[in-house]
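> Just so it is clear: in the sequence shown, position 93 is 1286 by the working numbering, and no numbers are missing. Note that CB positions come from ideal geometry on N, CA and C, so glycine has one too. Please read these numbers as outputs of a predicted model, since none were measured by experiment. Shown below is the structure under consideration.
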Amino acid sequence: MSGLSRHIETLSALLLAVIWISPLVFAFWAAFHTTSDAVSFDLTAPWTLDNFRIAWAGAPWLQYFLNTFLLVTIILIGQFIVTTLAGFAFAQVRFPGRDVVFILVLMQLFILPEVLIVENYVMVSRLGLFDTLLGVGMPYMASAFGIFLMRQAFKGVPIELHEAARVEGCGWFGILWRVYVPLARPTYLAYALVSVSTHWNNFLWPLIVTNSPDTRPLTVGLSIFAAPENGVDISVISAATMMSVAPLLIAFLVFQRQFVQAFLRAGIK
């Protein structure tokens, strides 16, 4: 029975993998074929790059790529600063109400970002950051998941290293920078991969808070490019989709070993 159970689990996992990857496979197939050949799945149909040329000429993709790169970079830098300081405080600094405040931070994990869209919109508008990359990224800089992850990583640092740094005359920030941050590099890498992939694909909030090509990320630009009023061509839209996800796919294929190892090292202690 145990052998049969393992086979069933393996087949189930393969089935789920096929279901998950099938839309991406179809998008890849359609991007290199005409619409009729893509829909009919004619395996003998010739491959073409015309869809990519048409898609590239149909929107300011270079601006969209630059906006997305700057956006995920701004968010990641802000998250690193906030999560590092907050995670260190919750892990090693004793202050009244620490556990209560930490529980309040964790409660953010149970609140969908969409619930806070109205409040975030009001805040960004009052700060004069509407239709700016900083306005798009600001609501995500205080990440409850990141704070929790850093707290767990910092709690795993041997207390002997902390005490040795204090004996050497380091203050709180010196101890954090010289001891905790270097030892938490795998956690930083794991969190960076999650953050970049999440905000590279974020759509709803950037759609609401951006209003010009100068600030639109790829997801919003792709949705406008694929709008019905612009004409629907499955092959051209698939080509644009592959251009949008290509950086993440390439990065994952290149760094997949580091990606897996970072999460294994960053396990909850």
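Using only the alpha-carbon positions, how far apart do residue 1377 and residue 1347 sit?
Answer to the nearest angstrom: the Cα atoms are 7 Å apart.
> So, for residue 1462: in the same chain, excluding its five sequence neighbours on each side, which residues have a beta-carbon less than 7 Å away from its beta-carbon?
In this prediction, residue 1462 has a pLDDT of 48, which is less than 50 and means its spatial position is unreliable; nothing more can be read from the coordinates.
> Alpha carbon to alpha carbon, what distance is there between residue 1288 and residue 1449?
Straight-line Cα distance between these residues: approximately 40 Å.
> With respect to the alpha helix (DSSP H) encompassing residue 1268, which residues constitute its N-terminal and C-terminal limits?
Run containing residue 1268: 1254 to 1285, per the alpha helix (DSSP H) assignment.
> Please name the residue, chosen from 1305, 1389, 1239 and 1253, that lies closest to residue 1272 on a Cα-to-Cα basis.
With distances taken between Cα atoms, residue 1272 lies closest to 1389.
> Round the Cβ separation of residue 1373 and residue 1281 to the nearest angstrom and send it over; I've been treating them as touching at under 8 Å.
Between residue 1281 and residue 1373 the Cβ distance is about 6 Å, and since that is below 8 Å, they are a contact.
> Got a sec, what are the start and stop residues for the alpha helix (DSSP H) residue 1383 sits in?
First-last of the alpha helix (DSSP H) with residue 1383: 1378 to 1393.
> Express the C-alpha separation of residue 1243 and residue 1173 in angstroms, rounding to a whole number.
The question about residue 1173 has no answer here: the residues shown for the chain are numbered 1194 through 1462.
> When DSSP labels each residue in this structure, what does residue 1226 get in the three-state scheme?
Residue state, collapsed to three classes: coil.
> Would you decide whether residue 1435 is buried or exposed? Buried here means 16 or more other CB atoms lie within 10 Å of its CB.
The residue in question, residue 1435, is buried, as its Cβ has 16 or more Cβ neighbours within 10 Å.
> When the Cβ atoms of the stretch 1296 to 1314 are set against those of the stretch 1384 to 1404, are three or more pairs found closer than 8 Å?
With a cut-off of 8 Å, the stretch 1384 to 1404 and the stretch 1296 to 1314 count as touching, because enough Cβ pairs lie within range.
> Can you look up residue 1292 in the DSSP assignment and give me helix, strand or coil?
If DSSP states are grouped into helix, strand and coil, residue 1292 belongs with the helices.
> Would residue 1257 and residue 1414 qualify as a contact pair, given that the criterion is a beta-carbon distance under 8 Å?
Against a cut-off of 8 Å, the Cβ pair of residue 1414 and residue 1257 comes out as a contact.
> Residue 1321 to residue 1432, Cα distance in whole Å?
In a straight line, the C-alpha of residue 1321 is about 36 Å away from that of residue 1432.
> Is it right to say residue 1300 is buried, meaning 16 or more other beta carbons lie within 10 angstroms of its own, or is it exposed?
Classification of residue 1300: exposed, given that the 10 Å Cβ count is below 16.
> Considering Cα atoms alone, identify which of 1446, 1331, 1362 and 1428 is closest to residue 1233.
The shortest Cα separation from residue 1233 among 1446, 1331, 1362 and 1428 belongs to 1428.
> Sorry if obvious, but does the Cβ on residue 1370 come closer than 7 Å to a heavy atom of the ligand GTP?
This structure does not include the ligand GTP; it has no bound ligands of any sort.
> Please classify residue 1247: does DSSP put it in a helix, a strand, or coil?
Looking at residue 1247 - three-state DSSP - the assignment turns out to be helix.
> Which residues bound the alpha helix (DSSP H) around residue 1408?
Here residue 1408 belongs to no alpha helix (DSSP H), and DSSP marks it neither H nor E.
> Please classify residue 1410 as buried or exposed, where buried requires at least 16 other C-beta atoms within 10 Å of its C-beta.
With 16 or more Cβ atoms within 10 Å of its Cβ, residue 1410 is classed as buried.
> Write down every uninterrupted run of the alpha helix (DSSP H) in the stretch 1311 to 1365 whose length is 4 residues or greater and which is fully enclosed by it, in chain order.
The qualifying runs are 1326 to 1330, 1337 to 1348 and 1352 to 1360.
> If contact is defined by three or more beta carbon pairs under 8 Å, each pair taking one atom from either stretch, is the stretch 1251 to 1271 in contact with the stretch 1325 to 1335?
Cβ pair count under 8 Å is three or more, so yes.
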